[in-house]
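What follows is one structure encoded as structure tokens, with my remarks underneath.
There are 4 protein chains.
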Amino acid sequence: MKYHRESGEDDNRSKREQILDAAYQIFSQKGYHRATIDEIIALADTGKGTVYNYFVNKEQLFYTLIREKSAPFEAALAELIQSPEPPLVKVEAVIKLFLRFYVRNADLWRVMMHEMRGFGSQGESNLKPEQREKYRDWFRQSIGMLEKVLHEGIAQGVIRECDVTKSAYGLFSVIVMMVFQKLVGDDIDGTAKSIADIFLYGVARQ
Amino acid sequence: MKYHRESGEDDNRSKREQILDAAYQIFSQKGYHRATIDEIIALADTGKGTVYNYFVNKEQLFYTLIREKSAPFEAALAELIQSPEPPLVKVEAVIKLFLRFYVRNADLWRVMMHEMRGFGSQGESNLKPEQREKYRDWFRQSIGMLEKVLHEGIAQGVIRECDVTKSAYGLFSVIVMMVFQKLVGDDIDGTAKSIADIFLYGVARQ
Amino acid sequence: MKYHRESGEDDNRSKREQILDAAYQIFSQKGYHRATIDEIIALADTGKGTVYNYFVNKEQLFYTLIREKSAPFEAALAELIQSPEPPLVKVEAVIKLFLRFYVRNADLWRVMMHEMRGFGSQGESNLKPEQREKYRDWFRQSIGMLEKVLHEGIAQGVIRECDVTKSAYGLFSVIVMMVFQKLVGDDIDGTAKSIADIFLYGVARQ
Amino acid sequence: MKYHRESGEDDNRSKREQILDAAYQIFSQKGYHRATIDEIIALADTGKGTVYNYFVNKEQLFYTLIREKSAPFEAALAELIQSPEPPLVKVEAVIKLFLRFYVRNADLWRVMMHEMRGFGSQGESNLKPEQREKYRDWFRQSIGMLEKVLHEGIAQGVIRECDVTKSAYGLFSVIVMMVFQKLVGDDIDGTAKSIADIFLYGVARQ
DNA sequence: CATGAATGAGTATTCATTCAT
DNA sequence: GATGAATGAATACTCATTCAT
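Protein sequences, first through last, are from chains A, B, C and D. In terms of the numbering used here, the first sequence has 100 at position 100, counting the first letter as 1, and numbering is strictly consecutive. Take the position in the second sequence, starting the count at 1, then add 206; the result is the number in the numbering used here. Take the position in the third sequence, starting the count at 1, then add 412; the result is the number in the numbering used here. Take the position in the fourth sequence, starting the count at 1, then add 618; the result is the number in the numbering used here.
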């Protein structure tokens, strides 16, 4: 069942990873639709059938990519949320974490966000509703983390009573926009600080 | 060979508009890729060749749509910006205007935003760089309006010195997110007020 | 809507017919599965899309073929059945008619019969059950015609009481077998006569 | 690298049989084309390579199946033919034997018959002409057995002089049709009797 | 100008077969 | 012998675009 390659070739686990790596690049560059399996296998240096040995179809390949890339991020986020830092500090730390993740995966996530909510309500999308729901869940979970911090802040009296959901979405959208518009640059920490600053204290002169 | 038209001009313009209206609906529902010319002409009740008489190709049809739909909005925005209202009031008014426009055109704009920056650097995309740049320009112009208001506020001392570009993008992203996530509801004015509130004064308890 | 070609090219109605003719040949030679659209268009000297303008898919192309080829035969058969000939004469005439039709269309019908009842009960066949049912109906109708003659014969006392359905199927199968095994030769009338002879009077020496 | 087998021979034969059994089921259910090696090995609980150790390819697997399944039937048929029964009795006995065999193997034989003559003259078929000829031979042999009985009957004066080949094919076709159209039911003996009856004495009232 | 028949490049997916272990 | 990961040729179908009428 398993052919152990002690190393040498290092190509056993590779095939699957080669494909995922190639898919990552192509999907990021071209978006879901314009990415073709042919391009992916060319880059992965493998046969077409091999892709279908590991992934049931193009969509599931895409989904797997999303899932595997985001897993470490999700873990780090969950851990951070549960840390005992004061909420206002946590806000900035969370922003930093998001920025780092999205900067690294900007292109793929752009694609994912588009596919996620797809095309209105109609539903003729390639993405089966079931699959799309999974994307949405992943997304909501991230927002949910932000909401948690805000709730904590309100409970501790350092954040004013406000619509937590809307605020969380707002903060999230700002982070994403900074990344997608390439307004972040190398100074992720600085960017995080200024996002936190405006989010917490507003732009108006007090 | 000869098609007699009672009122050449009038009917002529009509065909074009029929196509644009149909295209608007189909693009909004299906997104750029899944929208087909066949669907559009079925809805527009016209022939396939006619589309290509008025628009050089699918992409340019899409672009024209964007341009024509946004023209009135742009005008209204420009006027508002130049009005003599105090900046903090203007901020809220601008948000309101944006919200109204995006709520009305949510689906088409979702599509447009995706296509806009689209596909990284590659260039094999359908969208020629030149075309894509036009999208971006339109976009930047909107953001530019927001920046103007902020500058005005800073000049008048009611807004603190901050990175105006980033702030404008941030505000813009929040507006868009509220619309796309359907967090607006029917109460556009209320939503605008609370967005402005947080944007200006932050979420932190003072 | 219609572009009248007075003649000259004679290619307007042609396109569809060209495709049908080509499909007829290819399906006959290769069977349903091994026939490819590419071969068909090569023979029809047309583009791939054209096929899909006229026929929704490969299966429906096949079905249309069957339908159009059999229509004249069905009409002739129905007429014959209603003629006032004595039953024993009719039996021979019907056999003749069947033979002529199947000899002419042997290959296509071989394919059709295979697809018709398909593959046991499972149903993973390409042919959607609905479509397959249509094939079956066509088939049953033909058998039904034979049954009618037998009933008539029984009513008139020239055919003995027997299981009409089984007998009709039996007669039908003999006809088909003669054709498919190329036991007919050019002497269709002679073959019909001897089939009728054995069917009516058996092989046993009285 | 080394797979210890307790009883090489025994297990060896087993693998082969497992594959044949599985192939029998799958081919019967799906037909030759839609049957996949993957399904077969899944059912046979063996590896894909193993199939190719025992059979050179899919087609030869199919052929072997036909050959091995029909061997006992052929033997029984040959024996019956040589028995000293009177011809008219033999005819019925032969029909019974055929019915029993085909009822048991209806689905596989349906497939086989289609593949047998398959694809006209072209030759691009998977089935090499040589292979196809073998199918045909098997088939002709069965018919030949029927012919023998008829000849015997003619020699003994109980069957009238007729085209023996055509009659044999006719009888054969009736048997097969009864099976494929599921007109047999559980009463094989009764069905055999009535087939024999009509075949020998015809449907006409004497 | 309006039309729609014709077109073919482009794509996801299947599956028999090979061969290194 | 047994295995199954890797492979790629083969194939149905889509849809933007053209051009003759």
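The beta-carbon is built from N, C-alpha and C at its ideal position, and this holds for glycine as well.
A straight line joining the alpha-carbon of Ile449/C with that of Lys427/C spans about 15 Å. The beta carbons of Ile247/B and Ala241/B sit no closer together than 8 Å.
Interface criterion met: the Cβ of Leu200/A is under 8 Å from a Cβ in chain B. Between Leu492/C and Leu509/C, the gap from beta carbon to beta carbon is short of 8 Å. The C-beta separation of Val503/C from Ala608/C comes to about 6 Å, placing the pair in contact by the 8 Å criterion. Around the beta carbon of Gly461/C, fewer than 16 other beta carbons sit within 10 angstroms, so the residue counts as exposed. Asn517/C is classed as buried because its beta carbon has at least 16 other beta carbons within 10 Å across all chains shown. Contact annotation for Asp369/B against chain A: Ser194 [CB-CB distance below 7 Å, chain order]. Residue range Ile37 to Ala44 is occupied by the alpha helix (DSSP H) that includes Ile40/A.
In chain A, no part has a C-beta under 9 Å from the C-beta of Met318/B; the shortest such distance is about 11 Å. If only complete runs of 4 or more residues are kept, the stretch 133-197 of chain A shows the alpha helix (DSSP H) at 164-180, in order along the chain.
The alpha helix (DSSP H) runs of length 4 or more contained entirely in the stretch 701-725 of chain D do not exist; there are none. The C-beta of Met763/D comes no closer than 8 Å to any C-beta of chain C. Sorting Met384/B, Arg366/B, Lys399/B and Glu223/B by C-alpha distance to the C-alpha of Arg316/B places Met384/B at the top. Taking the Cβ atoms as the reference, Thr270/B lies roughly 14 Å from Gln224/B, outside the contact range of under 8 Å. As DSSP reads the structure, Ala410/B sits in a beta bridge with Ile159/A. Against chain C, a Cβ distance below 7 Å from Gly775/D picks out Arg617.
Look at Phe467/C here: in three-state DSSP terms it is coil, with no helix or strand label. One thing to note: Ile713/D has its Cβ no nearer than 8 Å to the Cβ of Val615/C.
Contact holds between the stretch 67-84 of chain A and the stretch 137-150 of chain A, because three or more Cβ pairs, one in each stretch, are under 8 Å apart. Rounded to the nearest angstrom, the gap between the Cα atoms of Ile404/B and Val51/A is 48 Å. Of all alpha-carbon atoms in Gly775/D, Lys811/D, Val674/D and Leu726/D, the one lying nearest the alpha-carbon of Leu789/D is that of Lys811/D. The beta carbon of Leu183/A falls within 8 Å of a beta carbon belonging to chain B, placing the residue at that interface. When the five nearest sequence neighbours on each side are left out, the beta carbons in the same chain lying within less than 8 Å of the beta carbon of Gly185/A are those of Thr191, in order along the chain. A Cβ-Cβ separation of about 22 Å leaves Tyr102/A out of contact with Val164/A under the 8 Å criterion. C-alpha of Tyr819/D to C-alpha of Cys574/C: approximately 12 Å in a straight line. Contact residues of the stretch 283-300 of chain B toward chain A are Leu294 (C-beta to C-beta distance below 8 Å). Counting the other Cβ atoms within 10 Å of the Cβ of Glu274/B gives fewer than 16, which makes it exposed.
DSSP, reduced to helix, strand and coil, places Gly443/C within a helical segment of the structure shown. Listed along chain C is no residue with a C-beta nearer than 9 Å to that of Arg685/D; the closest approach is about 21 Å.
By the rule that beta-carbons nearer than 8 Å mark a contact, Gly808/D does not touch chain C. Nearest C-alpha to Gly775/D among Leu706/D, Asp725/D and Lys784/D: Leu706/D.
DSSP, read as helix, strand or coil, puts Gly665/D in coil. Inclusion of Ser440/C and Trp550/C in the CB contact set at 8 Å is not warranted, their separation being larger than that value. The beta carbon of His239/B sits closer than 8 Å to some beta carbon of chain A.
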